[in-house]
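Asks: Structure incoming, see below.
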Amino acid sequence: MKTTITQVRSFNRPIQLLMLNQLTINIGFYMLMPYLAGHLSGQLGLAAWLVGLILGVRNLGQQGMFLVGGSLADRVGYKPMILTGLALRTVGFALLGLADSVPALVVASALTGLAGAFFNPAVRAYLSQEAGDRKVEAFAVFNVFYQLGILVGPLIGLLLTGLAFRVTSLTAAVLFALLAIAQARALPSRRGSLADAGGNMLRHWREALGNRPFLLFSLAMIGSYVLNFQIYLGLPIEVRRVSGSEIGVTLLFVVSGGLAIAGQLHVTSWAKARWTSGQAMVRGLWVMGLAFLPLAAVAALRPPPVLALTSVLATTALLTLATMIVYPFEMATIATLGGDDMIGTYYGLYNTFSGIGIAAGNLLTGAAIDAGHRAGIDGLPWWTLGAIGAGCALALHGLNRSGRLAPAMRTAPA
Numbered sequence: 001m002k003t004t005i006t007q008v009r010s011f012n013r014p015i016q017l018l019m020l021n022q023l024t025i026n027i028g029f030y031m032l033m034p035y036l037a038g039h040l041s042g043q044l045g046l047a048a049w050l051v052g053l054i055l056g057v058r059n060l061g062q063q064g065m066f067l068v069g070g071s072l073a074d075r076v077g078y079k080p081m082i083l084t085g086l087a088l089r090t091v092g093f094a095l096l097g098l099a100d101s102v103p104a105l106v107v108a109s110a111l112t113g114l115a116g117a118f119f120n121p122a123v124r125a126y127l128s129q130e131a132g133d134r135k136v137e138a139f140a141v142f143n144v145f146y147q148l149g150i151l152v153g154p155l156i157g158l159l160l161t162g163l164a165f166r167v168t169s170l171t172a173a174v175l176f177a178l179l180a181i182a183q184a185r186a187l188p189s190r191r192g193s194l195a196d197a198g199g200n201m202l203r204h205w206r207e208a209l210g211n212r213p214f215l216l217f218s219l220a221m222i223g224s225y226v227l228n229f230q231i232y233l234g235l236p237i238e239v240r241r242v243s244g245s246e247i248g249v250t251l252l253f254v255v256s257g258g259l260a261i262a263g264q265l266h267v268t269s270w271a272k273a274r275w276t277s278g279q280a281m282v283r284g285l286w287v288m289g290l291a292f293l294p295l296a297a298v299a300a301l302r303p304p305p306v307l308a309l310t311s312v313l314a315t316t317a318l319l320t321l322a323t324m325i326v327y328p329f330e331m332a333t334i335a336t337l338g339g340d341d342m343i344g345t346y347y348g349l350y351n352t353f354s355g356i357g358i359a360a361g362n363l364l365t366g367a368a369i370d371a372g373h374r375a376g377i378d379g380l381p382w383w384t385l386g387a388i389g390a391g392c393a394l395a396l397h398g399l400n401r402s403g404r405l406a407p408a409m410r411t412a413p414a
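Counting in the UniProt record's numbering, the sequence shown runs from 1 upward without gaps.
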């Protein structure tokens with residue numbers, strides 16, 4: 001923690017505010033969202049398909065509008081989009097706690113998703129612009145705050161939901177409202193990179209889609225998001241299957257968040273001193289694919305619950321390590337491949353690609369889990385995910401060797 005504090009102090013005030021901004025956003029989001037499905041199906045008694053619809057609207061609203069949000073950030077400025085997103089999230093979360101009709105809940109869910117589409121690309125574009133040549137270090141610290149919010153949020157939500165879900169919802173809404181007020185007063189304004197540019201959004205979108213190195217990089221990295229998302233999909237399902245308890249799921253998130261908070265800056269510093277950005281990402285993707293081998297190997301043994309749970313936690317630890325290696329270099333590479341003119345647009349487009357990949361990957365993972373159970377091959381989904389990781393690593397290695405990532409930031413040995 002001392003290293004993190006020292007690193008934070010080495011950045012200027014706007015970057016420090018962005019770190020606190022993301023920490024608060026994640027605390028507010030994760031104190032509510034893990035318990036929303038239980039509220040909708042339990043207290044409100046909605047059918048499972050309606051719960052899926054309401055949750056799906058949030059994801060669709062966020063993933064589908066990332067590109068629009070990023071482009072608007074380039075045009076109107078990063079701060080206005082951050083504040084707009086915070087305001088929308090305030091209204092959406094308050095409505096989730098107060099509404100009991102399906103139309104109102106759908107509107108609330110859509111607002112929460114649209115909010116993320118507005119402030120996520122803007123925050124990353126602002127951070128990238130402000131960090132200059134220190135993008136890798138800035139995004140490493142950013143991930144520490146990001147993970148800390150994920151770790152703390154559900155614990156606060158668990159305590160508040162024990163009183164009533166409405167208390168959790170309104171508390172989260174108040175938190176976002178206070179954050180919006182604080183950011184309006186303290187966060188310096190930064191003009192969007194296209195503030196004075198002519199032309200329409202479609203022309204800039206076509207320009208981004210015509211950036212071949214960026215496009216190939218985005219496609220090569222899609223699989224990494226499929227693998228990362230297994231912390232929320234495949235691994236919790238496996239924990240419940242082998243232990244029949246939610247305690248293992250909680251332990252899974254504690255391991256993931258705790259490792260990221262404690263180790264992110266050390267891992268980034270170590271990797272930056274030894275590898276170029278491309279090499280770091282390729283090696284991280286190999287680790288990401290190999291992370292699923294403990295699960296695949298143990299599944300064939302029909303192990304006792306303790307050993308099965310240990311293999312899940314080992315996969316979680318390796319997956320977190322891989323993410324720590326990849327993420328800071330990945331975020332810096334997006335900005336550098338895209339250039340300074342349309343940073344928000346490029347982050348928005350990249351998030352759109354990753355969202356599509358996550359949706360397709362969820363279907364693939366679910367199908368592999370079902371097929372593995374039917375065929376008596378419990379390791380099938382884990383071998384499949386490992387193969388995806390290997391494919392991503394090979395694709396990115398090819399791009400790096402061919403010079404496609406040449407515009408990306410290169411790091412010299414320390």
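We put the CB at the ideal spot given by N, CA and C, even for glycine.
If you draw a straight line from the C-alpha of residue 243 to the C-alpha of residue 306, how long is it?
Replies: Indexing the sequence shown from 1 puts residue 243 at position 243. Indexing the sequence shown from 1 puts residue 306 at position 306. Distance between the alpha carbons of residue 243 and residue 306: 8 angstroms.
Asks: DSSP on residue 301, reduced to helix/strand/coil?
Replies: As a working note, residue 301 is residue 301 in the sequence shown. DSSP places residue 301 in coil when its eight states are reduced to three.
Asks: Quick one, which of 101, 42, 237, 385 has its alpha-carbon nearest residue 291's?
Replies: The residue given as residue 291 occupies position 291 in the sequence shown. The shortest Cα separation from residue 291 among 101, 42, 237, 385 belongs to 385.
Asks: When DSSP labels each residue in this structure, what does residue 232 get in the three-state scheme?
Replies: For this step, residue 232 is matched to residue 232 along the sequence shown. If DSSP states are grouped into helix, strand and coil, residue 232 belongs with coil.
Asks: I'd like to know whether the C-beta of residue 165 is nearer than 8 angstroms to at least one C-beta of chain D.
Replies: The displayed structure is made up of one protein chain only, and chain D is not part of it.
Asks: What does the alpha-carbon distance come out to for the pair residue 330 and residue 10?
Replies: The residue given as residue 330 occupies position 330 in the sequence shown. The residue given as residue 10 occupies position 10 in the sequence shown. Distance between the alpha carbons of residue 330 and residue 10 is about 22 angstroms.
Asks: Could you check what DSSP says for residue 184 in three-state terms: helix, strand or coil?
Replies: Reading the sequence shown from its first residue, position 184 is the one you call residue 184. Here residue 184 sits in helix by DSSP.
Asks: Looking at the structure shown, is residue 100 part of a helix, part of a strand, or coil, going by DSSP?
Replies: What you label residue 100 is simply residue 100 of the sequence shown in a count that begins at 1. Correct three-state label for residue 100: coil.
Asks: Reducing DSSP to helix, strand and coil, say where residue 385 ends up.
Replies: Here the question's residue 385 lines up with position 385 in the sequence shown. Three-state DSSP puts residue 385 in a helix.
Asks: Helix, strand or coil for residue 200 per DSSP?
Replies: Here residue 200 refers to the residue found at position 200 when the sequence shown is read from its first residue. If DSSP states are grouped into helix, strand and coil, residue 200 belongs with coil.
Asks: With a threshold of 6 angstroms on Cβ separation, who are the neighbours of residue 300 within its own chain once the five nearest residues in sequence on each side are excluded?
Replies: Taking the first residue of the sequence shown as 1, we reach residue 300 at position 300. Answer for residue 300: 379, listed in chain order.
Asks: So, do the stretch 264-282 and the stretch 360-373 have three or more beta carbon pairs nearer to each other than 8 angstroms?
Replies: no
Asks: With a Cβ-Cβ cutoff of 8 angstroms, do residue 283 and residue 275 count as a contact?
Replies: Here the question's residue 283 lines up with position 283 in the sequence shown. Here the question's residue 275 lines up with position 275 in the sequence shown. Yes, these two residues count as a Cβ contact at 8 angstroms.
Asks: Out of curiosity, what's the CA-to-CA distance linking residue 191 and residue 77?
Replies: Counted from its first residue, the sequence shown places residue 191 at position 191. Counted from its first residue, the sequence shown places residue 77 at position 77. When rounded, the distance between both Cα atoms is 4 angstroms.
Asks: With DSSP run on the structure shown, which of helix, strand or coil describes residue 339?
Replies: What you label residue 339 is simply residue 339 of the sequence shown in a count that begins at 1. In this structure, residue 339 counts as coil in the three-state DSSP scheme.
Asks: Name the residue from 73, 225, 40 whose alpha carbon lies nearest to the alpha carbon of residue 116.
Replies: Sequence index remark: in the sequence shown, residue 116 carries index 116 (1-based). Here the closest residue by C-alpha is 73.
Asks: Can you check the stretch 102-180 for any alpha helix (DSSP H) of at least 4 residues that lies completely inside it and give the ranges in chain order?
Replies: 102-131, 135-161
Asks: CB-CB under 7 angstroms to residue 224, same chain, minus the five flanking residues each way: which ones, in chain order?
Replies: Taking the first residue of the sequence shown as 1, we reach residue 224 at position 224. So the list reads 285, 288, 326, 392, once near-sequence residues are dropped.
Asks: Count the other CB atoms, across all protein chains shown, that sit within 10 Å of the CB of residue 14; report buried if there are 16 or more and exposed otherwise.
Replies: Mapped onto the sequence shown, residue 14 falls at position 14. Buried, by the Cβ-count rule.
Asks: I'd like to know whether the C-beta atoms of residue 345 and residue 208 end up nearer to each other than 8 angstroms.
Replies: Within the sequence shown, the letter at position 345 stands for residue 345. Within the sequence shown, the letter at position 208 stands for residue 208. Contact: yes.
Asks: Reducing DSSP to helix, strand and coil, say where residue 317 ends up.
Replies: The residue labelled residue 317 in the question sits at position 317 within the sequence shown. In this structure, residue 317 counts as helix in the three-state DSSP scheme.
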